[in-house]
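Using full-length UniProt numbering, the first residue of the sequence shown is number 1, and each one after it goes up by one.
Note that CB positions come from ideal geometry on N, CA and C, so glycine has one too.
All figures in this text were calculated on a predicted structure; none of them were measured in a lab.
Notes to accompany the following structure.
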Amino acid sequence: MALDNKMLGQFSLVGIPPAPRGVPQVEVAFDIDANGIVNVSARDRGTGKEQQIVIQSSGGLSKDQIENMVREAERHAAADAEKKESIEALNHAESVLHDTETKITEYSEQLNAEEAAVVKEKIEDLKKKLANREGLKAAEVKEAVNDLQQKSLKLFEVAYRKMAEKNQQQQQSSSSDSTEQSSEEESKKKEGQQ
Numbered sequence: 001m002a003l004d005n006k007m008l009g010q011f012s013l014v015g016i017p018p019a020p021r022g023v024p025q026v027e028v029a030f031d032i033d034a035n036g037i038v039n040v041s042a043r044d045r046g047t048g049k050e051q052q053i054v055i056q057s058s059g060g061l062s063k064d065q066i067e068n069m070v071r072e073a074e075r076h077a078a079a080d081a082e083k084k085e086s087i088e089a090l091n092h093a094e095s096v097l098h099d100t101e102t103k104i105t106e107y108s109e110q111l112n113a114e115e116a117a118v119v120k121e122k123i124e125d126l127k128k129k130l131a132n133r134e135g136l137k138a139a140e141v142k143e144a145v146n147d148l149q150q151k152s153l154k155l156f157e158v159a160y161r162k163m164a165e166k167n168q169q170q171q172q173s174s175s176s177d178s179t180e181q182s183s184e185e186e187s188k189k190k191e192g193q194q
């Protein structure tokens, strides 16, 4: 886990405008040369803002310290794997929450009010679970996320069908209008020729 890493240095990439989750794209590069000098750079793709830091070896860690850190990592591997699974489940849950809330707002006109209320209730249930993260197991989070996804999938399938039907009707209406217009033009031409 990052918490167990040895801090070598830090910098902040500033000047990135506020944006919705997942929109900013930051490129990070780490270069280590033969002398143990680490060059770290980060660049925001949207703004072009860039920040760098050079970390020079200051003696580093002794061989014993490195071996001790490796042993500690091996000893805590199972707990770290469990913690990683929990963190990934929480991140996925937050992403699903964000996406579901966005889609409910976006497709509100096509959604059945009662079914949307059920999905909103599932959203609130998941938010409550996530608010009390202490002792929360990955399996519990995954189960709640799966439940929300199942309910919202059905809801959004109906909304998608309604939108597809509406688009199809609009296309048929516009094609029949153009067909009628063509027929009228042909009739006028024939009348003009007579």
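For residue i, which three-state DSSP category applies?
i, result
"Ser175", "helix"
"Ser12", "coil"
"Val23", "coil"
"Met163", "helix"
Residue range of the alpha helix (DSSP H) that residue i falls in?
i, result
"Arg75", "Lys63 to Arg75"
"Glu115", "Ala113 to Ala131"
Could you tell me which of the options sits nearest to residue i, measuring between CA atoms?
i, options, result
"Gly36", "Gln170, Gln65, Lys127 and Leu8", "Leu8"
"Ser152", "Lys120, Ser174, Glu124 and Lys166", "Lys120"
"His92", "Val14, Gln172, Glu140 and Gln171", "Glu140"
Classify residue i: buried if its beta carbon has 16 or more other beta carbons within 10 angstroms, exposed otherwise.
i, result
"Ser95", "exposed"
"Lys122", "buried"
"Ala89", "buried"
"Gly11", "The amino acid occupying residue 11 in the given sequence is Phe; Gly does not appear at that position. When all chains shown are included, Phe11 counts as exposed."
"Ala144", "buried"
"Leu61", "exposed"
Could you give the first and the last residue of the continuous beta strand (DSSP E) run that contains residue i?
i, result
"Gln56", "Per DSSP, Gln56 belongs to no beta strand (DSSP E) and is neither H nor E."
"Asp31", "Val26 to Ile32"
"Ser108", "Note, Ser108: premise wrong, no beta strand (DSSP E); not H, not E."
"Asn39", "Val38 to Asp44"
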